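J.: Please see the structure below; I have some questions.
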């Protein structure tokens, strides 16, 4: 654990920024502190102490609110949120690490293929998604049933199969140019099938709306400040102690994550060269933080040139923890959907463990 609270570490880091770095920070981010006070009745004190550690921690709460002024992303940090009571469930027979009757266990017989056939790798192959969200939408089915049985070599294969799929889809129909990769690991992350798999889509005419918003806002930033938005975001995180390099890959414990343990990666390309960094990050989440369910997405560059400007954007990957498999409640509520994400974890704890794993 990092010494000191998230608030103390973050504000000390902001205080120590150079004037130039502070200027960049202030034009991208706004961070402020809010105090939340309440009175605990005597009858409730034993439960509060057992659940949260002390009465004073509950009666005098410190909330950190971080906002990205360019993209309008934002997070509210309060570590007490991670200590709230929840209803545990027994996994029982819900989760089996061994392959059984699921259709992905015998994909050649039990899944449809795309009109251009299947893409096959050493550890995965594609199947056309039976309920599509775009003209080209397929599943990359892992050879391993257990979705957590991954390593750098396997992730390399998944990414290369995805790239081959993107190219094949575009060759089949040149109007489909916007690729997207997503890995929803287990049901808390939205997976309807336990067997390990990722998904790939290729869109036409216009990229997906949230990606388009990021492209548009970052382009505005570049034109307004004559500086690359993504370089500035990473440099600020690096100076705050929340970002580091893995060879030529930029890794951040993002200051405005969509949910717990949000990690943002900037890379030059989407391919197997990312496998070491991605595997190390996922292994840290699984081994150090007990993560079992996560979302990982990648936004590669368009397959062929488009009418918009993309050259200033890196390839972007996002990873987020989706919570315990043994809790009934969802990690997403009205705040996340319509207001601002609520986070209980400390990004400094996350980056410490990531660097320890990757740099060893």
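Residue numbers (my numbering): 1151 to 1510.
Even for Gly, the Cβ is constructed at its ideal location relative to N, Cα and C.
Predicted model, so just to flag it, every value in this text is computed and none were measured.
#1: Distance check for residue 1471 and residue 1213, CA to CA, integer angstroms please.
#2: How far does the alpha helix (DSSP H) with residue 1427 in it reach, from first residue to last?
#3: Let's see if you can read the secondary structure: which residues bound the beta strand (DSSP E) around residue 1511?
#4: Starting from the C-beta of residue 1207, find all residues in its chain whose C-beta is less than 8 Å away, skip the five residues before and the five after it, and write them out in chain order.
#5: From residue 1263 to residue 1450, what distance separates their C-alpha atoms?
#6: If I measure Cβ to Cβ from residue 1387 and keep anything under 8 Å in the same chain, skipping five residues before and after, which residues do I get?
#7: From what residue to what residue does the beta strand (DSSP E) around residue 1416 run?
#8: Which residue's Cα is closest to the Cα of residue 1286: 1353, 1257, 1293?
#9: For residue 1243, which residues from the same chain have a beta carbon less than 8 Å from its beta carbon, with the 5 sequence-adjacent residues on both sides left out?
#10: For residue 1459, which of 1434, 1368, 1484 has the nearest alpha-carbon?
#11: Using 9 Å as the threshold, is the C-beta distance between residue 1467 and residue 1493 below it?
#12: Output the distance between the C-alpha atoms of residue 1464 and residue 1261, rounded to the nearest integer angstrom.
#13: Can the beta-carbon of residue 1180 be found closer than 9 Å to that of residue 1217?
#14: On the DSSP letters alone, give me the boundaries of the alpha helix (DSSP H) that residue 1159 sits inside.
#15: In angstroms with no decimal places, state the Cα-to-Cα distance between residue 1345 and residue 1252.
#16: Could you give the residue range of the beta strand (DSSP E) that holds residue 1330?
#17: Does residue 1424 pass the burial test, meaning 16 or more other C-beta atoms within 10 Å, or should it be called exposed?
#18: Cβ of residue 1350 within 9 Å of Cβ of residue 1315?
#19: Applying the criterion that 16 or more other CB atoms from any shown protein chain within 10 Å of the CB defines a buried residue, is residue 1159 buried or exposed?
#20: Measuring only the C-alpha atoms, how far is residue 1281 from residue 1183?
T.: In brief:
#1: 21 Å
#2: Unbroken alpha helix (DSSP H) run through residue 1427: 1425 to 1439.
#3: With the chain represented from 1151 up to 1510, any question about residue 1511 goes unanswered, as that position is not in the structure.
#4: So the qualifying residues of the chain are 1230.
#5: Their backbone Cα atoms lie some 23 Å apart in a straight line.
#6: Closer than 8 Å at Cβ, skipping near neighbours: 1393, 1402, 1403, 1404, 1405.
#7: 1413 to 1417
#8: 1353
#9: Unreliable placement is indicated for residue 1243, whose pLDDT of 47 sits below 50; no coordinate value is reported for it.
#10: 1368
#11: no
#12: 34 Å
#13: yes
#14: 1156 to 1165
#15: 7 Å
#16: 1326 to 1335
#17: buried
#18: yes
#19: By the Cβ-count criterion, residue 1159 is buried, with 16 or more other Cβ atoms from all chains shown falling within 10 Å of its own Cβ.
#20: 45 Å
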